Amino acid sequence: MMEAVAIPPFERFYLEHRVEVLRLLRRRLGADRAEDAFQETFLRALRAYPRLEHGEHLRAWVLTIAQNVAVDALRRTRPQAELVETGVEDGRPAYAELADLTDGLSPKERAAVVLRYGYDLPYDQIAEALGSSQDAARQAASTGVRRLRRRTTR
Amino acid sequence: MTFPADLDSSFRGAALTLGLVDIGFDVVETPVGELLVAASDRGLAAISFDPDPDDKLERFARIAGPRVLRSARAVDRARRELDGYFAGRLRRFDLALDFRALPPFTVTVLRELARVRYGETTTYGELARRVGRPRAARAVGTVLHHNRIPIVLPCHRVVGATGGLVGYAGGLDLKRRLLELEGVL
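These protein sequences, in sequence, are chains E and G. The first sequence begins at 1 in my numbering and counts up by one. The second sequence begins at 1001 in my numbering and counts up by one.
Structural data, given as structure tokens:
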């Protein structure tokens, strides 16, 4: 009987595929937007990782996730009318929901807004994620939200 | 292509913040060399005298799960306490420990070992008596030889019946240095 291929520790999987995933996302989305998409890809992979049943085809698996993340990102930039036609998506992560709205913000503001209002994280954790102080995280989130309001009321 | 360091560290930070890491690890610099330290959400899980993570990732996964990820922040607390210990400021570690994947006898011995205080020593036989297995000194020795969390679990404070240093996974020199630091030798 064949032994199932063992699931590698995530670090090994990540180191093996991160360059190829980033290349793919840069081709699809351009260098700037590829960075958010890269994080989203590997965060999705991390969420699903404990449910993997074997370690086969992991390259195809992560490239599929990256493709999906890229499609989501591209769809967000299309006009509203087309968005409606594509139908409702189930289980869309909060990150993606908010990303529609937060496109015009700086990366730090966007991350702060998404972590605060998408993931409901307290400011101390957001500060950790951003590598900044709590005050700076709070500031980034509130500036971000203010800018969003200005945009939506315009 | 060299991978962008800021993107890498921002992914690792986000993964940890979102609670998606089963066990995080990083290298910690100490006066006795680089240590590889691993911690889960339950606590400190492993310390290795060989800082190369490559052949230890599977071991970490067996302790806590497959989401093994390098992350400086995952071992921050252990790093701070180890810094304090080596600076002579800290005499008792206050770290939760992750004993998963260890046999019950090993856990019993390690818990007893944790009670051997800074600056004191004991023997394999004495430790065996304390866990209620007075004839199991050799088995106790084996457990200590495979101690997954050395330094914090002070197997360096356990010496032979005649007071000799006997063995240490990190080498006898290191055992001597730790006991010197603690003022025993």
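Think of the CB as a built atom: it goes at the ideal place given N, C-alpha and C, for glycine as much as any other residue. Keep in mind that this is a model prediction, so the values were computed, not measured.
Backbone CA spacing between residue i and residue j [nearest angstrom]
| i | j | result |
| --- | --- | --- |
| F1011 (chain G) | Y14 (chain E) | 11 Å |
| P1154 (chain G) | V1116 (chain G) | 7 Å |
| G1119 (chain G) | L1178 (chain G) | 10 Å |
| E89 (chain E) | R12 (chain E) | Here the model assigns E89 (chain E) a pLDDT of 45, short of 50, so the residue's position is not dependable, and the following value carries that caveat. About 32 Å. |
| R59 (chain E) | V19 (chain E) | 12 Å |
| L1007 (chain G) | Q39 (chain E) | 8 Å |
| A235 (chain E) | W61 (chain E) | With chain E covering 1 to 154 only, the question about residue 235 (chain E) has no answer from this structure. |
| R33 (chain E) | A73 (chain E) | 8 Å |
| K1175 (chain G) | R1042 (chain G) | 28 Å |
| D1022 (chain G) | R26 (chain E) | 29 Å |
| V1028 (chain G) | A1136 (chain G) | 34 Å |
| E1081 (chain G) | L1090 (chain G) | 7 Å |
| L1172 (chain G) | A1161 (chain G) | 16 Å |
| F1003 (chain G) | R1070 (chain G) | 15 Å |
| P79 (chain E) | S1048 (chain G) | Because the pLDDT of P79 (chain E) is 49, which lies under 50, any placement of that residue in the model is unreliable, and the question is left without a value. |
| R1077 (chain G) | I1151 (chain G) | 15 Å |
| D1181 (chain G) | P1134 (chain G) | The amino acid at residue 1181 (chain G) is misidentified as Asp; the sequence shows Leu. Spanning the two alpha carbons is a distance of roughly 30 Å. |
| A1061 (chain G) | A127 (chain E) | 28 Å |
| D135 (chain E) | V114 (chain E) | 17 Å |
| Y123 (chain E) | A1014 (chain G) | 14 Å |
| P1051 (chain G) | V1143 (chain G) | 22 Å |
| A160 (chain E) | V145 (chain E) | In the structure displayed, chain E extends from 1 to 154; residue 160 (chain E) sits before or after that span and is not available. |
| R1138 (chain G) | R1100 (chain G) | 23 Å |
| M1001 (chain G) | D1083 (chain G) | 35 Å |
| P1104 (chain G) | R1111 (chain G) | 11 Å |
| G1164 (chain G) | R1129 (chain G) | 19 Å |
| R116 (chain E) | G30 (chain E) | 26 Å |
| T1030 (chain G) | L148 (chain E) | 47 Å |
Cβ separation of residue i and residue j, assumed to be a contact under 8 Å, to the nearest whole Å
| i | j | result |
| --- | --- | --- |
| T1121 (chain G) | V1184 (chain G) | 6 Å |
| G1024 (chain G) | A1074 (chain G) | 2 Å |
| D1026 (chain G) | A1087 (chain G) | So it is not a contact: roughly 19 Å between Cβ atoms. |
| S1040 (chain G) | D1094 (chain G) | The Cβ separation is near 17 Å, so there is no contact. |
| L1044 (chain G) | A1096 (chain G) | 7 Å |
| A1046 (chain G) | R1148 (chain G) | 5 Å |
| L1127 (chain G) | V1107 (chain G) | Incorrect: roughly 14 Å between the Cβ atoms, too far for contact. |
| T143 (chain E) | E109 (chain E) | 6 Å |
| V1109 (chain G) | V1131 (chain G) | 6 Å |
Which of helix, strand or coil DSSP assigns to residue i
| i | result |
| --- | --- |
| P1150 (chain G) | strand |
| R1070 (chain G) | strand |
| I7 (chain E) | coil |
| F1025 (chain G) | strand |
| L1007 (chain G) | helix |
| S142 (chain E) | helix |
| T1121 (chain G) | coil |
| T64 (chain E) | helix |
| L1020 (chain G) | coil |
| E1034 (chain G) | strand |
| G1013 (chain G) | helix |
| G1043 (chain G) | strand |
| L105 (chain E) | coil |
| V71 (chain E) | helix |
| K1175 (chain G) | helix |
| V1140 (chain G) | helix |
| L1095 (chain G) | coil |
| V1158 (chain G) | strand |
| A31 (chain E) | helix |
Residue i beta carbon near the ligand COA (any heavy atom closer than 6 Å)
| i | result |
| --- | --- |
| S1009 (chain G) | Within the structure as shown, the ligand COA is missing, as the structure has no ligands at all. |
Which residues, in chain order, does the region 29-49 of chain E contribute to contact with chain G at a C-beta distance below 7 Å?
Hits within the stretch, in order: E35, F38, Q39, F42, L43, L46, R47 and Y49.
Just checking, does the region 1050-1062 of chain G make contact with the region 1022-1036 of chain G on the three C-beta pairs under 8 Å criterion?
Counting Cβ pairs under 8 Å, three or more are found: they touch.
Closer than 7 Å between beta carbons: that is the criterion. Which residues of the region 1063-1075 of chain G meet it against chain E?
Within the region 1063-1075 of chain G, the qualifying residues are G1065, P1066, R1067, V1068, L1069, R1070 and R1073.
Contacting positions in the region 1044-1065 of chain G - beta carbon closer than 8 Å to chain E:
Using a CB distance below 8 Å, the part of the region 1044-1065 of chain G facing chain E consists of P1053, L1057, E1058, F1060, A1061 and G1065, ordered along the chain.
So does the region 4-12 of chain E actually touch the region 55-69 of chain E, counting three or more Cβ pairs closer than 8 Å?
The answer is yes - the region 55-69 of chain E touches the region 4-12 of chain E, with three or more Cβ pairs under 8 Å.
Determine, using beta-carbon pairs with one atom in the region 1159-1178 of chain G and one in the region 1062-1079 of chain G, whether at least three such pairs fall under 8 Å.
The region 1159-1178 of chain G makes no contact with the region 1062-1079 of chain G; the number of CB pairs closer than 8 Å stays below 3.
Mind the definition here: the region 61-74 of chain E touches the region 26-44 of chain E only if three or more C-beta pairs lie below 8 Å; say whether that holds.
The region 61-74 of chain E is in contact with the region 26-44 of chain E.
Please list the residues of the region 8-20 of chain E that have a C-beta atom closer than 8 Å to any C-beta atom in chain G, keeping them in chain order.
Answer in chain order: P8, P9, F10, E11, R12, Y14, R18 and V19.
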